[in-house]
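Chains as they are written, first to last, in the working numbering: chain A, 2 to 255; chain B, 186 to 498; chain C, 25 to 320. Glycine is no exception: its CB is placed at the ideal position from the N, C-alpha and C atoms.
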Amino acid sequence: MLLKLENLSKSFGGLKAVANLNIEIGQSELVGLIGPNGAGKTTVFNLLTGVYEASEGKMIFAGKDVGGLRPYQVTHRGIARTFQNIRLFGDLSVIDNVKIAFHQHDKYSALSAVLRLPSFFRGEEEMESKALALLEVFHLRGRAAEVAKNLPYGEQRRLEIARAMATEPRLLLLDEPAAGMNPQETRALMELIRWLRDNFQLTILLIEHDMSLVMGVCERIYVLDYGMIIASGTPEQIRIDPKVIEAYLGEEAI
Amino acid sequence: MKVLNRKNLAILLAVLVAYGGIQAAIAARLVPPFYSVNLMLICVYVILATSLNLINGVTGQFSIGHAGFMAIGAYLSAIVSVKLHGPLGAAILAGAIVSAGVGFLVGLPTLRLKGDYLAITTLGVGQIVQVVFFNTNYVGGAAGFTVPRTVNWTWAFWLTVISIVIIHNFTNSTHGRACISVRENEIAAEAMGINSTKYKVMAFSLGSFFGGIAGGLYANYMYLIQPTTFSFLTSFNILVMVVLGGLGSMTGSIVGAVVMTVLSAYLSNFPEWRMVVTALLLIVMMLFRPSGLLGTKEFNLGFLGKKGESRAA
Amino acid sequence: MGHVLREGLQQVVNGLSMGSVYALIALGYTMVYGIVKLINFAHGDVMMIGAYVGWLATSRLHMSFVPALLLAMASCALLGVIIERIAYKPLRNATRVAALITAIGVSLFLEYGNMLVASAQVRSYPPVLPSVSYKVGGVYLQYGAIVIFGTTIILMILLTLTVQYTKIGKAMRAASFDKDAALMMGVNVNSTISATFAIGSALAAAAGVLYGAYYNTIDPLMGIIPGLKAFIAAVLGGIGIIPGAVVGGLVLGLTEAAVSALGASTWRDAVAFLILILVLILKPSGLFGKNVREKV
């Protein structure tokens with residue numbers, strides 16, 4: 002198991018946002034987390050990445066407890082994320098967005114930057130070429146010098162994934178990656194997600210409202226409602242689960 | 186080597202000409218005291234503005250107590266040079282190191298605060314520093330501390346150049362980008378593996394260090410330092426330079442510092458008018474061009490080299 | 025022992041007088057912050073303008089204390105509205121830093137603008153309050169101290185009644201809770217914010233006149249330190265909370281009196297700011313506040 006959440010709970014002043022959550026995700030799995038609005042999906046991501054501290058329960062990642070870590074420490078352990086409401090470094094160039102995510106792997110010190118020692122130039126060159134290579138993969142190389150906030154919406158979403166990949170994660174958390182995309186962009190995104198998993202042996206957990214994406218790409222799905230897991234299984238099992246239909250799909254069928 | 190490209194050589198040449206020209210004029214006694222004092226003040230304020238810009242503009246942590254760190258540098262360097270008879274360089278360095286240390290100790294707990302809360306806290310720190318020196322008889326208390334003049338144009342000029350180069354090199358590196366990412370979006374920066382506390386404190390300490398250098402230059406030139414010299418009006422003054430130049434733009438801070446120092450030199454007989462104009466400038470600037478004269482951009486130095494360097498910060 | 029006790033009570037009286045001034049200014053800070061989330065740096069300077077209007081009314085127009093107080097409050101209410109309309113309203117959706125810088129600009133403008141108009145010279149208030157003292161159990165109670173404290177309590181009660189029971193008060197509470205929701209429920213947010221600035225500025229003006237009448241001297245930079253102290257008081261009580269501002273002001277006044285009584289009056293400002301820093305680090309929501317989190 003790469004990730005194991007045991008009885009994870011989070012309450013905000015009496016209100017239980019997440020209750021007794023048990024989730025297990027294996028290496029290179031592609032798992033979906035779905036549920037109606039306000040079910041607590043993003044709270045799970047915020048718990049996992051250290052933005053919130055869990056009220057109860059354990060989070061084991063790659064055999065180690067990641068509870069109580071600060072967000073940047075979680076990232077250093079190998080968990081990266083994107084945000085539901087895009088959080089790019091809007092005023093910076095596309096390539097600088099990616100370079101910032103490479104920072105933790107960087108090899109030169111502040112002192113050698115100030116003195117412009119050879120290690121500074123080597124480090125910067127390496128970072129530049131790695132960043133460009135990554136942008137190439139995400140078809141953003143031509144946009145490298147552009148200011149991030151000027152990109153079209155779909156490309157901003159892609160840049161967020163590229164930036165998360167620059168932290169070199171083992172587990173990637175995608176928070177509604179297809180939000181605001183048209184069907185064609187969504188199809189391309191599905192391709193990209195599969196390709197990322199296959200190419201980097203990456204494990205992916207994604208939150209999504211777009212059922213075509215979730216059903217099309219995920220191997221396993223957890224369904225969250227009122228902070229609790231009400232069902233889990235393969236897309237086929239989820240599709241016919243009466244509890245899910247009642248809580249979630251039923252709502253859409255009306 | 187990339188350090189010795191055409192652009193940098195052109196800048197080096199310009200710097201040498203500026204230094205040599207003024208030094209020659211001073212040696213030939215062509216510079217009246219009014220101008221030499223203001224040249225010195227320009228150096229002091231350029232260091233103060235660029236170092237405050239590192240904290241406020243680059244890292245986005247809004248400090249309005251920079252005069253407090255200038256005070257620490259000034260008093261500590263004066264203690265070393267007057268009381269301990271140390272050499273000037275050691276005095277200035279000691280002042281800067283203590284200032285950076287205080288910046289570190291203050292920054293660690295307070296930089297968790299956001300926006301205006303942090304602002305008022307830094308203002309408070311500046312006030313506390315002032316009160317401490319006011320109550321310390323060892324450094325003259327309210328009457329002030331008399332310090333012989335040992336700083337000359339050479340010291341002031343080269344310390345300014347070194348400060349600018351160090352702040353520039355830091356900003357334009359992966360560590361500077363980490364600071365900028367904290368400014369842009371702290372939550373995203375943390376999610377990208379940036380230890381935001383570390384970079385906030387680093388920028389704050391480095392900014393305090395150079396605030397201390399400026400204080401050391403000031404103290405060892407001005408003959409007399411008093412606690413009131415380092416009031417929050419001085420902090421506001423530095424802030425105005427940074428804001429008018431454009432938060433985040435180092436060249437903007439330099440221009441802001443030069444313009445404001447010259448302005449106050451020529452309006453020194455009308456201090457109220459100077460402040461009223463400054464105040465109106467601040468308000469109008471925020472209403473119509475909140476990013477300052479240059480925004481976060483730097484002056485384009487493209488004409489000096491083959492390819493202009495234009496970065497986002 | 026009796027002497028020490030008397031001395032202590034005397035300091036309590038002094039602390040409550042100064043604390044009342046802080047409290048009156050803090051009320052404006054806290055109301056404005058509650059509704060527009062802006063530290064109105066110019067608020068202490070509005071208090072200074074109020075003191076000058078009161079001085080003008082009493083020394084030049086020979087008005088008595090109460091009419092002068094009311095005139096100053098009315099003038100500053102207008103001033104507060106004008107400041108908000110010109111300088112802050114256009115920046116309501118700008119960054120907090122831009123608004124903060126503007127507030128600093130307005131503050132400097134009032135200070136040095138008034139220096140141009142009224143000169144930097146220190147002015148003395150005419151004796152508008154009788155300089156009588158009452159000896160109560162060995163403690164001297166100046167008439168002025170009673171007026172300051174009494175006026176503060178009356179104004180605070182009036183403010184609380186206004187906020188609790190009037191239409192504009194309800195609009196203020198709604199707008200400070202959620203501006204957008206208030207707007208959708210038909211609250212005129214613009215006029216509510218104007219009213220908030222008007223009331224806050226009037227209270228600051230009252231503080232200015234009381235300060236001038238009690239401590240006698242005024243000058244164009246007199247508002248800076250009390251303004252900052254009042255902000256500390258507002259934070260101490262929990263910013264946005266009206267009774268918190270009053271309690272914070274009185275606590276701060278009493279603390280400063282205690283510091284003075286210990287013979288360390290030159291450390292007063294440092295102690296006040298130390299309190300601010302400690303509160304912000306340990307319990308940023310203040311004595312009466314609740315913690316809130318940023319949404320991710």
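Item to check | B:Glu457: first and last residue of the uninterrupted alpha helix (DSSP H) it sits in | outcome: Counting from 1 along the second sequence, the entry for residue 457 of chain B is found at position 272. Segment 456-473, the alpha helix (DSSP H) holding B:Glu457.
Item to check | Complete runs of the alpha helix (DSSP H) confined to the segment 95-126 of chain A [at least 4 residues] | outcome: Within the segment 95-126 of chain A, the complete alpha helix (DSSP H) runs of at least 4 residues are 95-103, 111-115.
Item to check | Under 9 Å from the C-beta of B:Ile372: neighbouring residues of chain A | outcome: By 1-based counting over the second sequence, the position of residue 372 of chain B is 187. Val52, Pro72, Phe84, Arg88, listed in chain order.
Next on the checklist: Along the segment 117-148 of chain A, where does the CB come closer than 8 Å to a CB of chain B? Name the residues.
Outcome noted: Answer set for the segment 117-148 of chain A: Arg117, Phe121, Phe122, Gly124, Glu125, Met128, Val148.
Checklist entry - Mind checking whether C:Leu278 and C:Gly39 have CB atoms under 8 Å apart? => result Locating residue 278 of chain C in the third sequence gives position 254, counting from the first residue. Locating residue 39 of chain C in the third sequence gives position 15, counting from the first residue. Result yes, Cβ atoms of C:Leu278 and C:Gly39 sit closer than 8 Å.
Checklist entry - With 16 other CB atoms within 10 Å as the buried threshold, where does A:Asn86 fall? => result As a position in the first sequence, residue 86 of chain A is number 85, starting the count at 1. By the neighbour-count rule (16 or more Cβ atoms within 10 Å), A:Asn86 is not buried but exposed.
Item to check | Validate contact between the segment 276-295 of chain C and the segment 39-50 of chain C using beta carbons, cut 8 Å, 3 pairs | outcome: Yes: at least three Cβ pairs fall under 8 Å.
Item to check | Cβ-based neighbour list, C:Phe312, same chain, cut-off 8 Å, excluding 5 preceding and 5 following | outcome: Taking the third sequence and counting its residues from 1, the one referred to as residue 312 of chain C is at position 288. Within the same chain, and ignoring the five residues on either side of C:Phe312 in sequence, the residues whose Cβ sits closer than 8 Å to its Cβ are Gly261, Gly262, Ile265, Pro267, Gly268, Val271.
Checklist entry - Whose Cβ in chain B lies nearer than 8 Å to the Cβ of A:Arg281? => result This structure does not reach residue 281 of chain A, given that chain A is present from 2 up to 255, and the question cannot be answered.
Checklist entry - Residues of chain B with CB under 7 Å from A:Asp107, in chain order? => result Numbered from 1 along the first sequence, position 106 holds the residue referred to as residue 107 of chain A. Correct list: Thr359.
Next on the checklist: So, with DSSP's three-state summary, where would you put B:Ser587?
Outcome noted: Any answer about residue 587 of chain B is impossible in this case: the structure gives chain B only from 186 up to 498.
Item to check | For C:Val146 and C:Tyr76, the rounded distance between their alpha carbons | outcome: As a working note, residue 76 of chain C is residue 52 in the third sequence. As a working note, residue 146 of chain C is residue 122 in the third sequence. C:Tyr76 and C:Val146: Cα-Cα distance of roughly 11 Å.
Checklist entry - Taking just the CA atoms, how far does B:Val317 sit from C:Trp291? => result For the purposes of this step, residue 291 of chain C is taken as residue 267 along the third sequence, with counting starting at 1. For the purposes of this step, residue 317 of chain B is taken as residue 132 along the second sequence, with counting starting at 1. Using only the alpha carbons, I get a separation of about 8 Å.
Next on the checklist: Would you say A:Asp211 lies against chain B (beta-carbon separation less than 8 Å)?
Outcome noted: To locate residue 211 of chain A, count along the first sequence from 1; it is residue 210. By this cut-off, A:Asp211 is not an interface position.
Next on the checklist: Could you tell me the alpha carbon to alpha carbon distance between B:Ile196 and C:Met196, rounded to whole angstroms?
Outcome noted: Position 11 of the second sequence, counted from the start, is the residue given in the question as residue 196 of chain B. Position 172 of the third sequence, counted from the start, is the residue given in the question as residue 196 of chain C. So the two alpha carbons sit approximately 57 Å from each other.
Checklist entry - Which residue comes first and which comes last in the beta strand (DSSP E) that contains C:Gln166? => result Along the third sequence, one-based indexing puts residue 166 of chain C at 142. In the DSSP assignment, C:Gln166 falls within the beta strand (DSSP E) that extends over 163-166.
Checklist entry - With contact counted as at least three CB pairs below 8 Å, one residue from each stretch, are the segment 207-215 of chain A and the segment 186-194 of chain A in contact? => result Yes, since at least three Cβ pairs between the segment 207-215 of chain A and the segment 186-194 of chain A fall closer than 8 Å, the two stretches touch.
Next on the checklist: With a threshold of 7 Å on Cβ separation, who are the neighbours of B:Arg368 within its own chain once the five nearest residues in sequence on each side are excluded?
Outcome noted: Along the second sequence, one-based indexing puts residue 368 of chain B at 183. Here the set comprises Val243, Thr244, Gly245.
Next on the checklist: Which residues in chain B have a C-beta closer than 7 Å to the C-beta of C:Arg120? List them in chain order.
Outcome noted: Against the third sequence, residue 120 of chain C aligns to sequence position 96. Residues of chain B whose Cβ lies closer than 7 Å to the Cβ of C:Arg120 are, in chain order, Gly300, Asp301.
Checklist entry - Taking Cβ-Cβ distances shorter than 7 Å, what residues in chain A pair up with B:Ser366? => result Numbered from 1 along the second sequence, position 181 holds the residue referred to as residue 366 of chain B. Result: Phe90, Ile101.
Checklist entry - Where does A:Glu54 land, buried or exposed, given buried means 16+ other C-beta within 10 angstroms? => result If you number the first sequence from 1, residue 54 of chain A lands on position 53. By the 10 Å Cβ count, A:Glu54 comes out exposed.
Next on the checklist: So B:Ala234 and B:Met387 are supposed to be a Cβ contact under 8 Å. How far apart are they, rounded?
Outcome noted: Here residue 234 of chain B is taken as the residue at index 49 of the second sequence, counted from 1. Here residue 387 of chain B is taken as the residue at index 202 of the second sequence, counted from 1. Cβ-Cβ separation between B:Ala234 and B:Met387: approximately 19 Å, too far for a contact (criterion under 8 Å).
Item to check | Three CB pairs or more closer than 8 Å across the segment 157-177 of chain C and the segment 273-289 of chain B | outcome: No contact exists between the segment 157-177 of chain C and the segment 273-289 of chain B.
Item to check | A:Ser12, enclosing beta strand (DSSP E) - first and last residue | outcome: Here residue 12 of chain A is taken as the residue at index 11 of the first sequence, counted from 1. 4-13 is the extent of the beta strand (DSSP E) around A:Ser12.
Next on the checklist: For a cutoff of 8 Å on Cβ pairs, would you count B:Gly493 as touching chain A?
Outcome noted: Translated into the one-based positions of the second sequence, residue 493 of chain B becomes position 308. Confidence at B:Gly493 is low in this model, with a pLDDT of 35, below 50, so the placement of that residue should be treated as unreliable; the coordinate-derived value is given next. Proximity of B:Gly493 to chain A, defined by a Cβ-Cβ separation below 8 Å, is not satisfied.
Checklist entry - So, does the CB of A:Asp97 fall closer than 8 Å to a CB anywhere in chain B? => result Against the first sequence, residue 97 of chain A aligns to sequence position 96. Closer than 8 Å to some Cβ of chain B, the Cβ of A:Asp97 qualifies, so yes.
Checklist entry - Going along chain B in order, which residues have a C-beta closer than 7 Å to the C-beta of C:Ile125? => result Numbered from its first residue, the third sequence carries residue 125 of chain C at position 101. Listed along chain B are Val428, Leu467, Met471, each with a C-beta nearer than 7 Å to that of C:Ile125.
Next on the checklist: So, does the segment 60-72 of chain C touch the segment 234-252 of chain C, judging by three or more C-beta pairs under 8 Å?
Outcome noted: Touching, yes.
Item to check | Selection from B:Cys364, B:Ala203, B:Ile249, B:Gln411 that minimises the alpha carbon distance to B:Leu239 | outcome: Counting from one through the second sequence, the residue named residue 239 of chain B turns up at place 54. The option with the nearest alpha carbon to B:Leu239 is B:Cys364.
Item to check | Distance, A:Arg171 Cα to A:Gly217 Cα | outcome: Your numbering for residue 217 of chain A matches position 216 in the first sequence. Your numbering for residue 171 of chain A matches position 170 in the first sequence. Between A:Gly217 and A:Arg171, the C-alpha separation is close to 22 Å.
Next on the checklist: Can you check which of these residues, C:Leu183, C:Ala198, C:Lys203, C:Pro308, is closest to C:Ala222 by C-alpha distance?
Outcome noted: Counting from 1 along the third sequence, the entry for residue 222 of chain C is found at position 198. Comparing C-alpha distances from C:Ala222 to each of C:Leu183, C:Ala198, C:Lys203, C:Pro308 shows the shortest one belongs to C:Leu183.
Checklist entry - Any contact of the segment 107-122 of chain A with the segment 137-154 of chain A, i.e. 3+ C-beta pairs under 8 Å? => result Two segments are said to touch when three or more pairs of C-beta atoms, one from each, lie closer than 8 Å; by this definition the segment 107-122 of chain A does not touch the segment 137-154 of chain A.
Next on the checklist: Just to confirm, is the Cβ distance from B:Phe417 to C:Val121 under 8 Å?
Outcome noted: Position 232 of the second sequence, counted from the start, is the residue given in the question as residue 417 of chain B. Position 97 of the third sequence, counted from the start, is the residue given in the question as residue 121 of chain C. It is not a contact, given that the beta carbons lie outside the stated cut-off.
Next on the checklist: Please confirm whether B:Gly292 has its beta-carbon closer than 8 Å to some beta-carbon of chain C.
Outcome noted: On the second sequence, residue 292 of chain B is found 107 positions in, with the first residue counted as 1. Interface with chain C (8 Å Cβ-Cβ cutoff): B:Gly292 is excluded.
Checklist entry - Shortest alpha-carbon distance to A:Asn98 belongs to which of B:Val447, B:Ser434, B:Ala374? => result In the first sequence, residue 98 of chain A corresponds to position 97, counting from 1. Restricting attention to B:Val447, B:Ser434, B:Ala374, the CA atom closest to the CA of A:Asn98 is found in B:Ala374.
Item to check | Listed by chain order, chain C residues near B:Ile313 by CB distance under 7 Å | outcome: To locate residue 313 of chain B, count along the second sequence from 1; it is residue 128. Within chain C, the residues near B:Ile313 are Ala294, Phe297, Leu298.
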